[in-house]
Amino acid sequence: MYKLSSAQREILEALVKLYDKHRRLVKSKEIAELVGKDEGTVRNIIAGLKSLGLVESKTGPSGGYMPTLKAYEVLRGFAATEVPVPVRKDGQLLNLVVTSVELIDVLNPEGIRAILRVQGDIEGLEPGDRIKIGPMPYTRLVIEGIVVYIDRYTKQVSVNVRRVTSIPRESVGSIASKQLITLKPNMSIREAAKILSEKMIRGAPVIDDEGRLIGIITLADIAKAVAEGRLDAKVEEYMSKEVVTVREDQDILDAIRLMQKYRIGRLVVLDAMGKLKGIVTRTDILRFISALED
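The sequence shown begins at 1 in the UniProt record's numbering and counts up by one.
Structural data, given as structure tokens:
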């Protein structure tokens, strides 16, 4: 963090105040009038702030000064996180993570802004992009908004916040579907498709004769079999044998992270002894969160 002199901080705070108020380049004369200093002194201090990357300027009759995103960081501080937070653009995970977030203009009737510090490939981000940040550790917040400004030198991004969601603390078992539909490995794809259609579900665990979990089959797997003209093939030929599971006592945030990591929409739920207890889907989680907002 920069250590500014009292004069530098005073000028920078005045610039930020004027810029936030008028949303245009600020003249040195305006700053001088606000702080009660000579305009030449203000220009000298701003020159130092520019060298620190805290101020940008434009010359000419219509010119002036504006604070960089780093200026907001220096003046207001960032709530740094210990764990990098993922960023998604139009649902796609970017090769980019957020390492700190600051919410500003919380009482502004025009809306909240978020200032993000990021790491990774920032070239994939442009003003106007719709992004989703989170869930964040500890606060469990998810922020959705539109990118309005990118400082590519300092890797900071300004976002107009459209929605903030808090992921509640709740166990997976409390929202998982308990009426579990299971399939057998020697069933035909035709039989499995009929069951999934009748029950209006998108996938089901596959168990052996002893009730042990050995796989999971989804509509996507069945669609592949149909495309290959193999409706009479066995479920075990098309099921996924690598089943991602979650314990019923784990937090729903853990379930969300697993779904994001493996890019899947459902998890098989087990108890502490590894016994099959249910299934939780992305829809189950979204329905639970939405119900809290009603």
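Ideal Cβ placement from N, Cα and C applies to all residues, glycine included.
Look at residue i and residue j and say whether their C-beta atoms are less than 8 Å apart.
i	j	result
residue 316	LEU15	Absent from the structure is residue 316, since the part of the chain shown begins at 1 and ends at 294.
ILE112	VAL118	no
SER158	VAL142	no
MET259	ARG287	no
GLN92	ILE45	no
LEU12	LEU69	no
ARG88	ILE115	no
residue 296	VAL268	Any answer about residue 296 is impossible in this case: the structure gives the chain only from 1 up to 294.
THR245	ILE207	no
ILE216	ALA255	no
SER100	ARG140	no
Use the C-beta contact count for residue i: other C-beta atoms within 10 angstroms, 16 or more gives buried, fewer gives exposed.
i	result
VAL26	buried
SER51	exposed
LYS261	exposed
GLU82	Here GLU82 scores only 43 on pLDDT, less than 50, and its place in the model should not be relied on; the value that follows carries that caveat. Exposed is the call here.
GLY145	buried
ALA80	With a pLDDT of 42 at ALA80, under the threshold of 50, the modelled position of that residue is not reliable, and the figure given next carries that caveat. Per the 10 Å Cβ criterion, exposed.
ARG266	buried
PRO127	exposed
ALA272	exposed
GLY64	buried
GLU293	For GLU293, the pLDDT reaches just 46, beneath the cut-off of 50, and the residue's location in the model is therefore unreliable, although a value from the coordinates is still provided. Its Cβ having fewer than 16 others within 10 Å, GLU293 is exposed.
ILE279	buried
ALA47	exposed
PRO67	buried
GLU30	buried
SER28	buried
GLY274	exposed
Can you round the beta-carbon distance between residue i and residue j to whole angstroms, since I take them to be within the 8 Å contact cut?
i	j	result
GLU221	MET239	Before going on, a small fix: residue 221 reads as Asp here, not Glu. Confirmed, Cβ separation roughly 6 Å.
PRO168	ILE289	7 Å
LEU219	ARG230	Actually they do not touch by this definition, with Cβ atoms about 15 Å apart.
VAL243	LYS184	Contact doesn't hold; Cβ gap of about 15 Å is too wide.
PRO205	LEU253	Rounded, the Cβ-Cβ distance is 23 Å, inconsistent with contact.
residue 309	ILE214	There is simply no residue 309 to check, as the chain begins at 1 and stops at 294 in what is shown.
SER188	ALA233	7 Å
Would the region 187-206 count as touching the region 218-236 if we require 3 or more Cβ pairs under 8 Å? Yes, the region 187-206 touches the region 218-236.
So, does the region 90-106 touch the region 174-188, judging by three or more C-beta pairs under 8 Å? Flag = no, the region 90-106 and the region 174-188 do not touch.
Would the region 118-131 and the region 152-162 be scored as touching if the rule is three or more Cβ pairs under 8 Å? Counting Cβ pairs under 8 Å, three or more are found: they touch.
What residue ranges within the region 153-185 form continuous beta strand (DSSP E) runs of no fewer than 3 residues, ordered along the chain? List check, beta strand (DSSP E) in window: 156-166.
Entirely within the UniProt domain "CBS" (176-233) and at least 4 residues each: give me those alpha helix (DSSP H) ranges in chain order. The DSSP assignment places 189-199, 219-227 as complete runs of the alpha helix (DSSP H) inside the UniProt domain "CBS" (176-233), in order along the chain (cut-off: 4 residues).
Please list the segments of the beta strand (DSSP E) lying wholly inside the region 93-132, counting only runs of 3 or more residues, in order along the chain. Segments of the beta strand (DSSP E) lying fully in the region 93-132: 113-120.
4 or more residues per run - each alpha helix (DSSP H) lying fully within the region 12-74: If only uninterrupted alpha helix (DSSP H) runs of at least 4 residues are considered, those enclosed by the region 12-74 are 28-35, 39-51.
Enumerate, from N- to C-terminal direction, the unbroken alpha helix (DSSP H) stretches of 4 or more residues contained entirely within the UniProt domain "CBS" (239-294). Segments of the alpha helix (DSSP H) lying fully in the UniProt domain "CBS" (239-294): 252-262, 282-293.
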